[in-house]
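Asker: In our numbering, the protein residues as written are 552 to 679.
The beta-carbon is built from N, C-alpha and C at its ideal position, and this holds for glycine as well.
I am attaching a structure below and will ask some questions about it afterwards.
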Amino acid sequence: MALSIGGIIDTSYLLYQHYKKRPLICPMDHDCSVVTESKWSKVFFVRNEILGWSFYLLMLIFIILSVILPNFSSKIYLFLFLSSFVGVIFSAFLVYMQIYKIRDYCFYCLISSFLTLLIFINSILLLL
Numbered sequence: 552m553a554l555s556i557g558g559i560i561d562t563s564y565l566l567y568q569h570y571k572k573r574p575l576i577c578p579m580d581h582d583c584s585v586v587t588e589s590k591w592s593k594v595f596f597v598r599n600e601i602l603g604w605s606f607y608l609l610m611l612i613f614i615i616l617s618v619i620l621p622n623f624s625s626k627i628y629l630f631l632f633l634s635s636f637v638g639v640i641f642s643a644f645l646v647y648m649q650i651y652k653i654r655d656y657c658f659y660c661l662i663s664s665f666l667t668l669l670i671f672i673n674s675i676l677l678l679l
């Protein structure tokens, strides 16, 4: 649950800064906006921040549902696993783009990728 909330906060910050046209404060001595405004910052005209925010919200909702509806928890855990698997593959692609294509880094994007990886690992543990 905490990982999903962390992801929502992270992507909300990115969205807020983008729509307010404010510069990102990137603690890694890189220009985060080079990444967040690159041609890889959207999928089918939808910003990656919106996709990430939606992903984290969906994960949070299903984690809460697994507590509320324990009889369906195994199906919910499978959904969490499959969704987070797609998320981790997409995150790996975006990290690859930062390293090899854009050649710059976005601290907040890397945090999001790390949170997605942790959610994926947790989803595996829930299935065991």
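1) For Lys571, name the three-state secondary structure that DSSP assigns.
2) So, are the CB atoms of Phe671 and Phe632 less than 9 Å apart?
3) If you draw a straight line from the C-alpha of Cys657 to the C-alpha of Leu620, how long is it?
4) From Met552 to Ile559, what does the alpha carbon distance come to, in whole angstroms?
5) Could you pull out every unbroken alpha helix (DSSP H) segment of at least 4 residues lying fully inside the stretch 576 to 663, listed in chain order?
Answerer: A quick look at the data gives this:
1) Position 20 of the sequence shown holds residue 571. In the three-state scheme derived from DSSP, where H, G and I count as helix and E and B as strand, Lys571 is classed as coil.
2) For the purposes of this step, residue 671 is taken as the residue at position 120 of the sequence shown. For the purposes of this step, residue 632 is taken as the residue at position 81 of the sequence shown. Yes. Within cutoff.
3) Reading the sequence shown from its first residue, position 106 is the one you call residue 657. Reading the sequence shown from its first residue, position 69 is the one you call residue 620. So the alpha carbons of these two residues sit roughly 38 Å apart.
4) Locating residue 552 in the sequence shown gives position 1, where the first residue counts as 1. Locating residue 559 in the sequence shown gives position 8, where the first residue counts as 1. So the two alpha carbons sit approximately 11 Å from each other.
5) Runs found: 583 to 587, 599 to 619 and 624 to 647.
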